[in-house]
Amino acid sequence: MSQQSHISDIEQIESSALRELDAAGGLDELEQWRIAYLGRRGRLTQVLRRLGGLAPEERGRVGAAANRAKAALEQQLAERERSARKSQIDASLAEGAIDVTLPGWPSPAGGLHPTTQTIREICDAFVSMGFEVMEGPEVEWDRYNFEMLNIPKHHPARDSFNTLWIDYTDSDGERPMLLRTHTSPMQARVMENRRPPVRVVVPGKCYRYEATDPTHEWHFSQVEGLAVDRGITMSDLKGTLQEFVRRVFGPERRVRFRCDYFPFVEPGVDWAIDCFACAGEGCRICSDSGWIEIAGAGMVHPNVLKGVGYDPAVYTGFAFGMGVERVAMLKHGIEDVRLFYANDLRFLRQF
Amino acid sequence: MRVPISWLKQYVPIGVSSKELAYRLTMAGIEVGEIDETGGDWDRDNVIVGHVLKVDSHPNADRLTLPTVDIGNGETATVVCGAPNVAAGQKIAFAREGARLFSPRSGKVETLKAANIRGVESAGMVCSSLELQLGEDHDGILVLDDDAPIGMPLVDYLGDAVLDIEVTPNRPDCLSVLGVAHEVAALTGGAVTEPDLSYPEEGLEIDGQVKIEIANPELCYRYTASLITGIKMGPSPQWMQDALVKAGQRPIVNVVDITNYVMLEYGQPLHAFDFDAVKDRTIIVRAARQGEEHVTLDGEKRVLSPPMLVIADSTDAVGLAGVMGGANAEMRDGTTSVLLESANFDPVNTRRTAGALRLRTDASYRFERGIRAELAPRALRRATKLILEIAGGHAAKGIIDLYPGRREPRPVKISRARLKQVLGVDFTMSRVESVLSSLGFERAKEPEGIIDLIEAVEAAPAPERDSTLWMTAPYWRSDISIEDDLVEEVARVVGYDSIPETMLATSIPPRGEPSLRTFRETLKDLLASAGMQETISYSLTSLESLGKVDATASGPEPLKIANPMSVELAYLRTTLRASILETMERNRRVSRGEGLRLFEVGRVYLAKEEARERELPDEREMAVGALSGPRFQSSWHAPRVNMDFFDAKGVLETVFAKIGGHVEYEPVRDPILHPGKAARMVCGDAVVGVVGEVHPAVLERFGLEGAPVVLFELDVEALRQAIPQDGRRYRSASRFPVSHRDLALVVDTGVPSGKVQSIIDRHKLVVGSTPFDVYQGEGIGHGKKSVAYRIAFQSDRDTLTSEQVDRAQGDIMRQLRREVGAELRDLHG
């Protein structure tokens, strides 16, 4: 065989190989093709094997031609294999398609009661201002709920705290135990047990003998705040509440004080925020006043300080309270306080 | 307290609108709840004052007349009128054609149209009180006073506004028009003109005509009285009736109306006795006798007891002091002599008496708030003067004024330093003095002999003296006793808007011990993240509810409410079990068949048995959960399977793993749980709770038949105590691979899996094990069960060889055989 015929043989093999490769379909056929041409007994391999019998100068040229042909075939094969593999994957993926509109595995969704969430939000705002969260008893002594708060027995201010009493009468014929009507008794309890400085917030349940309606519930929650030290002023009270309001009701909201009476503070104020619904224009939410009353506050009454052994000439302090449900109602647009403790999931799950 | 603006104007000029006035009062602590406008909707142009020139008879109807009315500007109108009382010369309210007016026939506001009534054209109307919505009277027309200017819009002549004031308990002075007038003066820069109190004293000396004695001076601080003879009972004049009606009082008869009028004017309750009914012309203010009977003005017989205070004559009570007069000395039509009382009684005793007799009156309401004794003689003279003017008669010379409770007015200090200390604002003392003066306070001399402790200790510098004022409260104010009271007076008049906002600049106090709250809130978070919804229920419950969960039989006796709102809310709960089951029931009713996972963390109230009365109850924080219904919402993925014991346990295991508690479950008997599906949870040495399926009989009590309900209950504090407090220590994960082996065991059915697992887990190479198959039945001996465990082996020193794992498995097997009699399951047998 001449050198020329060897080379033409190689070219012929290459062209027939390429033709067959074009016709080969899936990965299996490609493998058969590889064996036929590039396998150990493949046609091109055999040509290469036969090179040994050629003269050295011929061997170089035929070898080069054979190697070029092999590289070309290998490259083509790799390309075809890649595309065949892709089609195979595509085909199998197409089979595995799902209906993505079907619902997923249900994962039970729990949640916290809006009162819990609101108490946390309120307390967090004050904690960031250096207040500590404390709690106190709900069944209280008259002494803490009233007397130490400058509300002696038979004081007319007691009329505004419709009290639920525990059924027990002491030797003086008085009922000393009650369900606390506000979180304020913790003012006295905290101060009795600590020396100034004091800075606490007290969340908790309170109770009043009250007919329920959309804005009244006998069972409710309050957060009480108390800060006592040398040099605490009503300006600090206003600044503290203003900061609280910014965080909980938004950066635009403003606090307003108006004079009010609570026996355990002097001066006493009622604090309100400008109405977020109408920005002070007057609407249904704020009863056309432009202001929404939140709760009471004031400077701790000197009698309360004296009662716990603090010198009111040296120490001053402020106290404030707020109704948790009221805050939640304002934030979430809830119009009936009775929803809070009716425990209907259709309500609770919205928070 | 209802305060008509027209009444206020008698004492103080008002240059601002009633809305503005209400705002200023409210901001200063005198809260105006509502403003009732009279005539606010009267048609200004078409409802005007008219003058009846003549009244002709109607040609076709006997009961109708034809008044001709001068309505100003030379205009007259002739209308048809059905009122019997219309007469020439009257000033009346005239509505022109086109006026918007209330129609008694339709009950609505309508436009008045011209009408032909029985052949006569009528272009307008003479109005009744009802049409003007001034009262109920529609039988006749409203007749105005003769001075009413013809043609004036009626709203300018008769219109008024009434401020409905919610008076706080510290301000009884504002339970009076004059008291409010003083506030108005301070807030608007006006000055108050008080009523003239002088009257001719033409009678004999009062001392010779009546004898008054206070037997219990500790309960009656002051008693003043005047005597007027020769009076004539009758209706009071229209202006007084109008004022009383606007203020919410019903006019009765002149003398009684006057006492009410003056009470509203000064805030001082008064009482008028028919002097002829007072036996022996003697009044004794004394404590009631035990069981003494007395019929009050309202006709009720009251049984009294000391120290209720009565006003008595020589034999019987003629009035209940500070509360209500007696029927026996009531003013009658024929009364000619009146003994007028204006006194001051002890607030607490008055309050107790009114409370005990359930007889709260305008008088007791004022006395129990502690009105000033200085009001008594003023109100007495004012009322005496009005009686003379309205009911005629002669006043005795002088008044009785017994004043055993006299207290000299005590000046109160106010300093610039205290204002700054409390408010954070630096006021000039001239400003302070002008504010306080506007409220009626008077500058006083510094009292001698009072040692000011603060100044003594801190040795005030000289300028401090110039920054201090001593002020005496006006006679009507009873709420001023300390310096901070004056600080508030300054702040509320100047306005709280002028107080700046500052942030706390004092040091942050050290924290106390970490509280139960932190742990409890974490627990809530974990329960919620495990798919549970938090609920909060009432702390009060009924014995019936507690009984349904056997809490009355097995638990401590619940604390009872003395004045419960209803039987459902009469006891403090001693368990949360009942409320969570009630909540489950309520939600099952409204749910669309989905699974419910509920929890509550809250307090139960456990009376201290030995010291029920000396100590507050133990308020123990508990967590309860209840799960019921399908595990998955009806799903195409899985069949509907109801939740059971293990759903609750799964939630608890997740929670305990997160808080770092190792909890063992031991079978337990609980009165409301399924006897075979209940466990108590033990952490360390402490029982921290129970979990189990609720007993079917209990489910029935709650109307929860059907799907099982699983309940768990945790003692939050016990759990917190049982969990290691030293925090978590990090352990690095082993670098070496894990080998798994499956071990199928056969044990007696009574052997708890937890026991088997604990034996497996204690081997030092075991890092975890899970039961993955439980089988009972064919192929396993009777009374036996097969449980298969997948065990993970791992060392943190090297890669385990299969020989090492075999050896470990052999060790475990030997121990299982010895301790629980376990055998390997022969899978080929």
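As you go down the protein sequences, you meet chains A and B in turn.
Under my numbering, think of the first position of the first sequence as 4, with each following residue one higher.
Under my numbering, think of the first position of the second sequence as 4, with each following residue one higher.
The C-beta atom is built at its ideal place from N, Cα and C for all residues, glycine as well.
- Against chain A, the CB of M432/B has no partner CB under 9 Å away; the residue lies outside that interface.
- Under the three-state reduction of DSSP output, T171/B falls in the coil class, being neither helix nor strand.
- C84/B has T68/B as its beta-bridge partners, per DSSP.
- Counted as a single uninterrupted DSSP element, the stretch harbouring R161/A is not any alpha helix (DSSP H), since DSSP gives it neither H nor E.
- At a beta-carbon threshold of 9 Å, the residues of chain B lying near S238/A are L426, G427, V428, I502, P503, E504 and T505, ordered along the chain.
- CA-CA distance, Q424/B to K156/A, rounds to 31 Å.
- When L47/A, P117/A, A75/A and S131/A are compared, the shortest CA-CA separation from R250/A is found for S131/A.
- Here T121/A has V327, V330 and A331 as same chain residues with Cβ atoms under 6 Å from its own Cβ, once five neighbours each way along the sequence are excluded.
- Within the segment 377-457 of chain B, the alpha helix (DSSP H) runs of at least 4 residues that lie entirely inside it are, in chain order, 378-394, 419-426 and 432-441.
- With contacts defined as CB atoms closer than 9 Å, N88/B and V146/B qualify as a contacting pair.
- Residue state for P740/B is assigned as coil, using DSSP reduced to three classes.
- Annotation: the continuous alpha helix (DSSP H) that includes P117/A extends over P117 to V130.
- Note on geometry: alpha-carbon atoms of P159/A and S290/A lie some 28 Å from one another.
- Sequence-distant partners of D745/B (beyond 5 residues in either direction) whose C-beta falls short of 8 Å from its own C-beta, in its chain, are F775, A791, Y792, R793 and I794.
- The Cβ-Cβ distance between Y574/B and T544/B falls below 9 Å.
- C-alpha of Y40/A to C-alpha of S8/A: approximately 19 Å in a straight line.
- With fewer than 16 other Cβ atoms from the protein chains shown falling within 10 Å of its own Cβ, P699/B counts as exposed.
- CA-CA distance, R46/A to A72/A, rounds to 12 Å.
- Selection V55/B, G632/B and T41/B evaluated against E708/B yields G632/B as nearest (Cα-Cα).
- By the CB criterion at 9 Å, A189/B and W10/B fall outside the cutoff.
- Inclusion of L676/B and V691/B in the CB contact set at 9 Å is not warranted, their separation being larger than that value.
- Neighbours of I276/A in chain B, taken as residues whose beta carbon is under 9 Å from its own, are absent, since the nearest beta carbon is some 13 Å off.
- If the five residues before and after L378/B are omitted, its C-beta is found closer than 6 Å to the C-beta atoms of Y269 and Q271, all from its own chain and listed in chain order.
- In this structure, the CA atom of L489/B is about 10 Å from the CA atom of D482/B.
- Taking 9 Å as the threshold, the shortest C-beta distance from E449/B to chain A does not fall below it.
- Contact between the segment 111-127 of chain A and the segment 141-149 of chain A is absent: fewer than 3 CB-CB pairs across the two stretches fall below 8 Å.
- Judged by DSSP in its simplified three-state form, A290/B adopts strand.
- The Cβ neighbour count for E98/A, taken over all protein chains shown within 10 Å, is under 16; the residue is labelled exposed.
- With a minimum length of 4 residues, the unbroken runs of alpha helix (DSSP H) contained wholly in the segment 317-389 of chain B fall at 350-359 and 365-370.
- If you look at H185/B, you'll find it isn't in any beta strand (DSSP E); it sits in the alpha helix (DSSP H) that goes V180 to T191.
- Residue range A118 to I120 is occupied by the beta strand (DSSP E) that includes N119/B.
- Cβ-Cβ distances below 6 Å link L722/B to V691 in the same chain, with the five nearest sequence neighbours on each side left out; the list follows chain order.
- Counting C-beta atoms within 10 angstroms of its own C-beta, S110/A has fewer than 16 neighbours from the protein chains shown and is therefore classed as exposed.
- The beta-bridge partner set that DSSP reports for F279/A is empty.
- DSSP places I255/B in the coil class of the three-state scheme, outside both helix and strand.
- Chain A has a Cβ within less than 9 Å of the Cβ of E34/B.
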